[in-house]
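Presented below is the structure to which this report refers.
In full-length UniProt numbering, the protein residues as written are 1 to 301.
And the structure:
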C-alpha cells in the first residue's frame with residue numbers, strides 16, 4: 001500500500017516537473033497567464049470549507065508525502081540514498097513549536113527544482129511531518145499542477161493553493177494565504193515565482209509583501225536557501241529522481257517585520273510602496289543567505 005502510494009506521488013511530481021520545464025523554455029517573455037482547460041474554481045472554496053472526508057484524505061496525503069520526502073532527503077533515515085547537510089534547523093523547529101499562539105509563519109526560499117516542495121520539508125523532524133495542521137500551505141502554479149482532476153486533487157489535498165501567475169497580488173490564492181495567516185498558520189512561498197532553472201538573481205514577486213503587510217498579526221518570516229535539489233530531480237529529461245547526491249539546506253535568522261509594518265502604516269505608505277519595501281527586504285536577506293550557504297557548502301564538501 002505504501003509503495004503504491006509513493007509510486008503515485010512520484011509519478012505526479014515527475015509529470016509536473018516535465019511540464020514546468022517545458023513551459024519555462026517556451027515562455028521566456030512576460031505574458032498574462034490564462035486559465036488552462038481544467039476548471040480550478042472549486043478548489044479554494046473547498047479548501048476554505050473542507051468536509052470530514054476531505055480532511056481525512058488531506059491528512060493521509062500530507063503525511064505520506066512528508067515521509068516520502070524524509071526518506072529521499074534525510075540521511076538519518078537511509079543515508080545511502082542521498083547526503084544532506086542541514087544548518088540551523090533549530091530555527092524552524094523553534095518557530096513551529098514555541099511561537100506565540102496565533103502567530104503565523106511565512107517561509108521563503110529559492111526555487112531550483114520541482115522537488116523543492118515537498119523536498120525541503122524532508123529536513124524537518126518526523127513529529128512535524130505527521131501533524132498536518134502544523135505543516136505548511138504552499139502556492140503552486142495552476143498551469144503546472146492543476147491541469148487535470150487527478151493532479152488537482154493530489155496537490156489540493158497536499159495543502160497546495162493554485163496561484164495564477166501573471167494575475168497579480170490581488171487574486172484568490174493570495175487572499176486565501178492571508179486568511180491562513182490570520183489563523184496563525186504556516187505559509188511557504190517561492191517568491192521567484194517559478195523554477196529558476198538558470199539560477200540567476202531574479203526580482204521577487206510582491207505577493208509575499210502583501211501577505212506580510214496585510215496579515216492581522218505580523219508573521220515570523222524565515223528565509224531558507226538550499227543547494228543541490230536540482231541534482232536530485234533535474235530540470236532536464238528524463239525527469240526522474242536521482243540518488244547519491246549531496247544537498248545543502250540553510251535556515252536563516254527570522255526577519256522581524258513588526259516595526260517595518262508599523263512604520264509603513266504610520267506614514268500611510270501606499271500599498272504598492274509597502275509591498276515593494278517589504279519584498280526588497282526579503283530579497284536582500286535571501287541573497288545574504290545564499291552567500292552564507294554557498295560558503296557552508298564549500299567548507300563541508
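Heads up, the beta-carbon is just placed ideally off N, CA and C, and yes, glycines get one too.
Legend entry - Own chain partners of residue 292 with C-beta closer than 7 Å, once the 5 adjacent residues on each side are dropped: Residue mapping note: residue 292 aligns to position 292 of the chain shown, counting from 1. Excluding sequence positions up to five before and after residue 292, its CB lies within less than 7 Å of the CB of 250, all in the same chain and listed in chain order.
Legend entry - The beta strand (DSSP E) enclosing residue 141, as first and last residue numbers: Here the question's residue 141 lines up with position 141 in the chain shown. It spans 137-141 - the beta strand (DSSP E) in which residue 141 sits, taken as one unbroken run.
Legend entry - Buried versus exposed, by CB contacts within 10 Å (16 or more), residue 51: Here the question's residue 51 lines up with position 51 in the chain shown. Flag for residue 51 reads exposed.
Inset, instruction - Taking residue 161 as part of the beta strand (DSSP E), name the residues at either end of that continuous run. - result: As a first step, residue 161 is located in the chain shown; it is residue number 161 there, counting from the start. Counting along the chain, residue 161 sits inside the beta strand (DSSP E) bounded by residues 160-163.
Legend entry - Cα-Cα separation, residue 262 to residue 210: Along the chain shown, one-based indexing puts residue 262 at 262. Along the chain shown, one-based indexing puts residue 210 at 210. Distance from the CA of residue 262 to the CA of residue 210, rounded to the nearest whole angstrom, comes to 14 Å.
Inset, instruction - Return the chain-ordered ranges of every alpha helix (DSSP H) run that is complete within the region 186-239 and spans a minimum of 4 residues. - result: Runs found: 207-214, 229-232.
Legend entry - Sheet register partners of residue 249 (DSSP bridge): The residue you call residue 249 lines up with position 249 of the chain shown. DSSP links residue 249 through a beta bridge to 86, 226.
Legend entry - Straight-line Cα distance separating residue 90 from residue 107: Numbered from its first residue, the chain shown carries residue 107 at position 107. Numbered from its first residue, the chain shown carries residue 90 at position 90. Roughly 14 Å separates the two Cα atoms.
Inset, instruction - Quick one: grab the DSSP three-state call for residue 69. - result: Within the chain shown, numbered from 1, the residue matching residue 69 stands at position 69. Helix.
Legend entry - Distance between residue 216 and residue 258 (C-alpha atoms, nearest Å): In the chain shown, residue 258 corresponds to position 258, counting from 1. In the chain shown, residue 216 corresponds to position 216, counting from 1. Each residue's alpha carbon lies about 11 Å from the other.
Legend entry - Cα-Cα separation, residue 48 to residue 168: Counting from 1 along the chain shown, the entry for residue 48 is found at position 48. Counting from 1 along the chain shown, the entry for residue 168 is found at position 168. Counting only the Cα atoms, residue 168 lies some 21 Å from residue 48.
Inset, instruction - Find the nearest neighbour of residue 138 within the set 97, 114, 68, judged by alpha-carbon distance. - result: Residue mapping note: residue 138 aligns to position 138 of the chain shown, counting from 1. Among 97, 114, 68, the Cα nearest to that of residue 138 is on 114.
Legend entry - Residues bridged to residue 256 (per DSSP): Taking the first residue of the chain shown as position 1, residue 256 is located at position 256. Residue 256 has 220 as its beta-bridge partners, per DSSP.
Inset, instruction - Note down the Cα distance separating residue 22 from residue 95, rounded to an integer number of angstroms. - result: For the purposes of this step, residue 22 is taken as the residue at position 22 of the chain shown. For the purposes of this step, residue 95 is taken as the residue at position 95 of the chain shown. Residue placement at residue 22 cannot be trusted, given a pLDDT of 45 that sits under 50; what the coordinates show is reported in the next sentence. Their Cα atoms are separated by approximately 37 Å.
Inset, instruction - Check whether the Cβ atoms of residue 173 and residue 161 lie closer than 8 Å to each other. - result: For this step, residue 173 is matched to residue 173 along the chain shown. For this step, residue 161 is matched to residue 161 along the chain shown. Cβ atoms of residue 173 and residue 161: closer than 8 Å.
Legend entry - Whether residue 164 touches residue 171 by CB criterion (8 Å): What you label residue 164 is simply residue 164 of the chain shown in a count that begins at 1. What you label residue 171 is simply residue 171 of the chain shown in a count that begins at 1. Contact: yes.
Inset, instruction - Compute the distance between the beta-carbons of residue 196 and residue 112, then report whether it is under 8 Å. - result: Stepping through the chain shown from its first residue, residue 196 is reached at position 196. Stepping through the chain shown from its first residue, residue 112 is reached at position 112. Against a cut-off of 8 Å, the Cβ pair of residue 112 and residue 196 comes out as a contact.
Legend entry - Given residue 205 as reference, the closest of 279, 243, 129 once Cα atoms are compared: Position 205 of the chain shown, counting from 1, holds the residue named residue 205. Answer by Cα proximity: 279.
Inset, instruction - Please classify residue 295: does DSSP put it in a helix, a strand, or coil? - result: Taking the first residue of the chain shown as position 1, residue 295 is located at position 295. DSSP places residue 295 in helix when its eight states are reduced to three.
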